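This report refers to the structure that appears directly beneath it.
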Amino acid sequence: MKQLEKGKIFKINGQDSLIIASIGQITADLLQGNDLTGVKRHIAVKGCRSCQATRDIFTNPNLDIAAISRYHHVTDTQFEEINLATTIVGQKSIATNYGLCTKKSILDHLKRERHLQTPQDVYHLTTGKIQRLLSITMNLLSQEGKKKFLEIWKHFEYPKQWHKLPNPVGHHDSFMMSDCLRLAMMMPFILNRFLEPSCIKKLDLSTIQQRCNVNQGNAATRIIITCWKTIAETTAFIFKESFSKDDYMELQRCLETEMIILSQAFEEFSNLPNLHANFHLVKNAKTFATLINSSVGVKEIVHKIFKEMVPKMNRKNIELDLMKRYTTLFALRHLIDGGIDPRISKFCEGFTNLSDDFAQIAGDWFIIEEQPYDSNIETNG
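Per the working numbering, the sequence shown starts with residue 1115, numbered consecutively.
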């Protein structure tokens, strides 16, 4: 890539052509995106790769994003300050103050604008918010509320091309990301048909009333429905295939409304990194024309493949199964490669005789169907 940045001559159709190329957009979710930008993970005090907002004010609507945004040349200066520190402790202290890693990303060897070219992944951001709101909503429902929800769910008609979705009451932990996007479109209509104060647990209803400063239980239930309506409307705008000037303004309004109402109604959304990213999505949309151009759907494909391996069990979190399977497959690959990992400089000598060990295990005495009998062993009758 560094050679292509300088220009390289290729013979195309019998003619010499100068080809110049450079790295473009880097799509990654919250964790990997921060790593590739050289910013600490999102659980850090300053864990946003686009601005220096502290974690305790992530969803504060009064944030001056222009004043606290991260800029490439400023970050370069901060990295230089980190490198000039004479001790490791000093480097870590300065890095923590800026919310940066102690070392630059490997991609910084190439020509790029680290913050602008590593936008937030709207696919994971959006489904993460929907999954959280779905879990909160199901936990809010009383027994009467769950019963009414199931009655409406059984008779609710959705597009025939959608695969059959299990009910969210007992299955909200086993939905794939694409399922969550569909649920976001359905939930406002379902809740609007039955939700009333008696359907919500009294303590949770009182909490929502206090947080939103409303006195009537009916007002609290309307707020829950409004949360779903807002997140559905925002999701529809986020995944638009094209934007006009007015669309960018409407997207800004939807994102601001979503952040305010969700963080106000539910403590679980207060200062949530997924919700804080709403500050930066309009800029990303304008930079890359749409937001779907900066979304990462590959992980969902892997997620779907793994889910087909998991037995269809109700009321379970399939993420645990997927993590176990991924860890097992990664470990097997590491063993088969002889303990070589390009990310680790030291070679693991414990796997030197791995193939011989496998052969011995596979041919050993306990890999048989019948129990062996040794005639030389005498038994006392």
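From the three backbone atoms N, C-alpha and C, an ideal C-beta is built for every residue, glycine too. Note that the coordinates shown come from a computational prediction; the quantities given were computed from them, not determined experimentally.
By DSSP's assignment, Ile1304 forms no beta bridge with any residue. Check the Cα spacing between Leu1214 and each of Ile1123, Phe1351, Ile1157 and Leu1132: the tightest is with Ile1157. In this structure, the CA atom of Pro1282 is about 36 Å from the CA atom of Cys1165. Look at Ser1249 here: in three-state DSSP terms it is helix.
One Cα belongs to Lys1354, the other to Thr1404, and the distance between them is close to 7 Å.
Counting of Cβ neighbours within 10 angstroms places Ala1399 among the buried residues, the total reaching 16 or more. In this structure, Leu1309 places its C-beta atom within 8 Å of the C-beta atom of Thr1335.
With a threshold of 16 other beta carbon atoms within 10 Å, Gln1117 falls short and is exposed. In the three-state DSSP reduction, Cys1326 falls in the helix class (H, G or I).
Contact check for Leu1224 against Glu1119 passes: the beta carbons are separated by less than 8 Å. The continuous beta strand (DSSP E) containing Asp1130 extends over residues Gln1129 to Ile1133.
In the three-state DSSP reduction, Ser1356 falls in the coil class, being neither helix nor strand. Looking at the backbone, the Cα of Tyr1272 and that of Thr1348 are separated by about 20 Å. A check of alpha carbon separations from Ser1320 across Arg1307, Leu1305, Asn1306 and Ile1337 identifies Ile1337 as the nearest. DSSP places Ile1123 in the uninterrupted beta strand (DSSP E) bounded by Lys1122 to Ile1126. About 18 Å separates the Cβ atoms of Asp1222 and Thr1141, ruling out a contact at the 8 Å cut-off. C-alpha of Ser1292 to C-alpha of His1277: approximately 11 Å in a straight line.
In this structure, the straight-line span from the alpha carbon of Glu1364 to that of Asn1407 is close to 19 Å.
Burial is judged here by how many other beta carbons sit within 10 angstroms of a residue's own beta carbon; Leu1247 has at least 16 and is buried. In the DSSP annotation of this structure, the continuous segment of the alpha helix (DSSP H) that includes Gln1257 starts and ends at Gln1257 to His1269. A distance below 6 Å between beta-carbons, with the five flanking residues on each side excluded, links Gln1205 to the following residues of its chain, in chain order: Ile1196, Ala1199 and Thr1216. Our two residues, Val1188 and Glu1370, have alpha carbons roughly 27 Å apart in a direct line. In the DSSP assignment, Lys1206 falls within the alpha helix (DSSP H) that extends over Ile1202 to Tyr1212.
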